[in-house]
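Participant: Okay, handing you the structure first.
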Amino acid sequence: MKYLLTVNRRRILPFSYLLTLCLFLLVSSIYFIKDEQNQYLQGSFHVEISDGTEYRYLMNQKWYDNEEVNRLISKYKLPQEHLAKEKVDIKDFLFVENLNDALLQGEKPSTQGFFDYRMDLIKKTYQDNTIKDLDKILIGYCEGWKVLLRNFDKIFYAVLLALVFLLLPIMKEDDRLKTKDLVEATLYGKKKLFEARIVNSLEIGLFTYLGGVFLFSLLVFFIYGRDGQDLFIQNSKEFFLFPIQVTYLQYFIYKLCNGLLLTLCFVLLFLLLGELVEDTKLSFSLVLAYVSIHFLLQSLWTSPYSRKFLLLSPLSLINIENFNSSLSYHSLQSYYLDSLIFPLLFSIILWIGLSLRKKKTFS
């Protein structure tokens, strides 16, 4: 068994393939970062900001309470339907942008504090009465973590695309090499080879996923730094009205585990399709089409109907933030917990299906 595992590893991921894989993940990471930098340049309206890295020199960590919020509302005449961002001081820019967006979502009574108003918006959105009140927010530089989390789903899909081609040699190997009868004739040969391929596939999936995330994270932190890992994710525009108090580091760990379980799910789905569909090219095309169509729907469609359609696929859970407004949950914490449990359940179901299929083949 150990010998089979070693041979399969060398055959599935030889040195030339490894270099190609690293190059593909590197180019993908650079592309995602460049795209992110272009968005900073287009959306900042400040000559001081070209790619977001400048914020580390232009802003310090600062607590914003009701008194500070009222000062900013008065200073910049908020809310504004079309905020004149170029007139906002750079040190206030990130918070003022979020503040203005929040004020435009409702009608804040003049006697009500902003953070009470913010809590009303949150409870209305998530329909969760267990949310703890927050009377101030610490805002600081954490652009590296923002860029990493905003693009996590993209690097995940790049990893899946790489896995489609890396795992192709495993699919219907005996039929392609005309060794099916020879292997089945040996005592326990087919079973041992099947077990070795399962282990090797999971190894390759784990290695590619963690390698892709590590490479992308390394590039992001090299450019933007790791500052802000202990700040709450309410620092970002995407999570300003997010009720759960988690830090960027904690949320990254959640995303890492979520992606790992979905990678496991994808590898098992790939292997199961390879067993169910006789034609190797057809089964490969089905997997590639599944990933491609899913990515296009995720990227291009923003209607609630497309989101409900995407929820039929476990891969949609890698970007679960998009579905918060489409689903009602009694507790947001359980919503995120289920996003870890469901991929695990899918994986178990796929594993059972794969085992039953092979058991039928062995008999």
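Going by full-length UniProt numbering, the final residue of the sequence shown carries number 363, and the count climbs one at a time with no gaps.
The C-beta atom is built at its ideal place from N, Cα and C for all residues, glycine as well.
Among the residues of its own chain, which have a CB less than 7 angstroms from the CB of Phe221, if the five just before and after it don't count?
Facilitator: Here residue 221 is taken as the residue at index 221 of the sequence shown, counted from 1. Only Gly144 meet the Cβ criterion.
Participant: Between Leu148, Cys257, Leu218, which lies nearest to Ile233 when the distance is taken from Cα to Cα?
Facilitator: Working through the sequence shown from its first residue, we reach residue 233 at position 233. Closest by alpha carbon: Leu148.
Participant: So, using beta-carbon positions, are Asp92 and Leu121 closer together than 8 angstroms?
Facilitator: The residue given as residue 92 occupies position 92 in the sequence shown. The residue given as residue 121 occupies position 121 in the sequence shown. Cβ distance not < 8 angstroms, so Asp92 and Leu121 don't count as in contact.
Participant: Give me the residue from Leu104, Lys358, Gln127 with the minimum Cα distance to Gln333.
Facilitator: Here residue 333 refers to the residue found at position 333 when the sequence shown is read from its first residue. Measuring from the Cα of Gln333, the nearest candidate turns out to be Gln127.
Participant: Going by alpha carbons, who is nearest to Arg150 out of Ile244, Ser29, Ala289, Val267?
Facilitator: Counted from its first residue, the sequence shown places residue 150 at position 150. For Arg150, the nearest C-alpha among the options comes from Ser29.
Participant: For Ser328, which three-state DSSP category applies?
Facilitator: For this step, residue 328 is matched to residue 328 along the sequence shown. Any answer about Ser328 is weak, because its pLDDT of 46 lies below 50 and its placement is not dependable; what the coordinates show is given next. Residue state, collapsed to three classes: coil.
Participant: For residue 367, count neighbouring C-beta atoms within 10 Å of its own C-beta (all shown protein chains included) and say buried if the count is 16 or more, exposed if not.
Facilitator: Lying outside 1 to 363, the shown extent of the chain, residue 367 is not represented and no answer is given.
Participant: Among Val287, Phe240, Tyr55, which residue has its Cα nearest to the Cα of Asp101?
Facilitator: Locating residue 101 in the sequence shown gives position 101, where the first residue counts as 1. Comparing Cα-Cα distances from Asp101 to each of Val287, Phe240, Tyr55, the minimum goes to Phe240.
Participant: Within 10 angstroms of the Cβ of Leu218, are there 16 or more other Cβ atoms? Answer buried if so, exposed if not.
Facilitator: In the sequence shown, the residue the question calls residue 218 occupies position 218. Counting Cβ neighbours within 10 Å, Leu218 comes out exposed, since fewer than 16 surround it.
Participant: Is it true that the segment 344-351 meets the segment 258-270, where meeting means three or more beta-carbon pairs spaced less than 8 angstroms apart?
Facilitator: yes
Participant: Are the Cβ atoms of Leu94 and Ile137 separated by less than 8 angstroms?
Facilitator: Walking along the sequence shown from the start, residue 94 turns up at place 94. Walking along the sequence shown from the start, residue 137 turns up at place 137. Taking 8 angstroms as the Cβ cut-off, Leu94 and Ile137 do not qualify as a contacting pair.
Participant: Here's a check: name, in chain order, each residue in its chain whose Cβ is nearer than 7 angstroms to the Cβ of Arg226, leaving out the five neighbours to either side.
Facilitator: For the purposes of this step, residue 226 is taken as the residue at position 226 of the sequence shown. Excluding residues within five positions, the ones whose Cβ falls inside 7 angstroms are Gly144.
Participant: Alpha carbon to alpha carbon, how far is Leu160 from Leu296? Give it in angstroms, no decimals.
Facilitator: For the purposes of this step, residue 296 is identified with residue 296 of the sequence shown, where counting begins at 1. For the purposes of this step, residue 160 is identified with residue 160 of the sequence shown, where counting begins at 1. Cα to Cα, the separation comes out at about 14 angstroms.
Participant: Confirm, please, whether the CB-CB distance from Phe207 to Ile318 is below 8 angstroms.
Facilitator: In the sequence shown, residue 318 corresponds to position 318, counting from 1. In the sequence shown, residue 207 corresponds to position 207, counting from 1. For Ile318 and Phe207, no; Cβs fall outside 8 angstroms.
Participant: Applying the criterion that 16 or more other CB atoms from any shown protein chain within 10 Å of the CB defines a buried residue, is Tyr31 buried or exposed?
Facilitator: Looking up residue 31 in the sequence shown gives position 31. Exposed, since its Cβ has fewer than 16 Cβ neighbours within 10 Å.
Participant: Are the CB atoms of Tyr254 and Gly228 within a distance shorter than 8 angstroms?
Facilitator: Position 228 of the sequence shown, counted from the start, is the residue given in the question as residue 228. Position 254 of the sequence shown, counted from the start, is the residue given in the question as residue 254. Not a contact, by the Cβ cut-off of 8 angstroms.
Participant: Looking only at C-alpha atoms, which of Lys124, Phe252, Leu271 sits nearest to Ala196?
Facilitator: As a position in the sequence shown, residue 196 is number 196, starting the count at 1. Proximity to Ala196 across Lys124, Phe252, Leu271 peaks at Leu271, based on C-alpha coordinates.
Participant: Output the boundary residues of the beta strand (DSSP E) element that contains Tyr254.
Facilitator: On the sequence shown, residue 254 is found 254 positions in, with the first residue counted as 1. Segment 248-276 is the alpha helix (DSSP H) holding Tyr254; no beta strand (DSSP E) there.
Participant: Looking at the strands, I want to know which residues DSSP matches up with Phe232.
Facilitator: Residue mapping note: residue 232 aligns to position 232 of the sequence shown, counting from 1. Partner(s): Thr247.
Participant: Tell me whether Asn98 is buried or exposed, calling it buried when 16 or more other Cβ atoms sit within 10 Å of its Cβ.
Facilitator: As a position in the sequence shown, residue 98 is number 98, starting the count at 1. Under this definition Asn98 is a buried residue.
Participant: Quick one: what's got a C-beta closer than 6 angstroms to Asp251's C-beta in the same chain, skipping five residues either side?
Facilitator: Numbered from 1 along the sequence shown, position 251 holds the residue referred to as residue 251. Per the sequence presented here, residue 251 reads as Tyr, with Asp not at that position. Ile233.
Participant: Tell me the rounded alpha-carbon separation between Phe242 and Met119.
Facilitator: Here the question's residue 242 lines up with position 242 in the sequence shown. Here the question's residue 119 lines up with position 119 in the sequence shown. Rounded to the nearest whole angstrom, the C-alpha separation of Phe242 and Met119 is 10 angstroms.
Participant: How big is the Cα-Cα spacing for Leu177 and Lys281?
Facilitator: As a first step, residue 177 is located in the sequence shown; it is residue number 177 there, counting from the start. As a first step, residue 281 is located in the sequence shown; it is residue number 281 there, counting from the start. Any reading at Leu177 is ruled out, since the residue's pLDDT is 49, under 50, leaving its predicted position unreliable.
Participant: Is Cys142 buried or exposed, if buried means 16 or more other CB atoms sit within 10 Å of its CB?
Facilitator: For this step, residue 142 is matched to residue 142 along the sequence shown. Under this definition Cys142 is a buried residue.
Participant: Under a Cβ-count criterion, where at least 16 other Cβ atoms within 10 Å of its own Cβ denotes burial, should residue 392 be classed as buried or exposed?
Facilitator: As shown, the chain starts at 1 and ends at 363. That puts residue 392 outside it, with no answer to give.
Participant: Is it buried or exposed, Val287, if we count other Cβ atoms within 10 angstroms and call 16 or more buried?
Facilitator: As a first step, residue 287 must be located in the sequence shown, where it is residue number 287. Val287 comes out buried.
Participant: Between Asp135 and Asp230, is the Cβ-Cβ spacing less than 8 angstroms?
Facilitator: Residue mapping note: residue 135 aligns to position 135 of the sequence shown, counting from 1. Residue mapping note: residue 230 aligns to position 230 of the sequence shown, counting from 1. Contact flag unset, no.
Participant: Which same chain residues end up closer than 7 angstroms to Tyr209 when comparing Cβ atoms and leaving out the 5 residues on each side of it in sequence?
Facilitator: Counted from its first residue, the sequence shown places residue 209 at position 209. Result list for Tyr209: Val159, Gly259, Leu260, Thr263, in chain order.
Participant: With distance defined between alpha-carbon atoms, name the residue in Leu276, Asp153, Ser283 nearest to Leu354.
Facilitator: Residue numbering aside, residue 354 sits at position 354 when the sequence shown is read from its first letter. Checked all of Leu276, Asp153, Ser283; the closest Cα to Leu354 is Leu276.
Participant: Can you tell me which residues form a DSSP beta bridge with residue 364?
Facilitator: Nothing about residue 364 can be read from this structure; the chain reaches only from 1 to 363.
Participant: Check Lys124 in the structure and name its three-state DSSP category.
Facilitator: The count along the sequence shown starts at 1 and reaches residue 124 at position 124. If DSSP states are grouped into helix, strand and coil, Lys124 belongs with the helices.
Participant: To the nearest angstrom, report how far apart Trp351 and Phe45 are at their CA atoms.
Facilitator: What you label residue 351 is simply residue 351 of the sequence shown in a count that begins at 1. What you label residue 45 is simply residue 45 of the sequence shown in a count that begins at 1. Those two C-alpha atoms are separated by around 52 angstroms.
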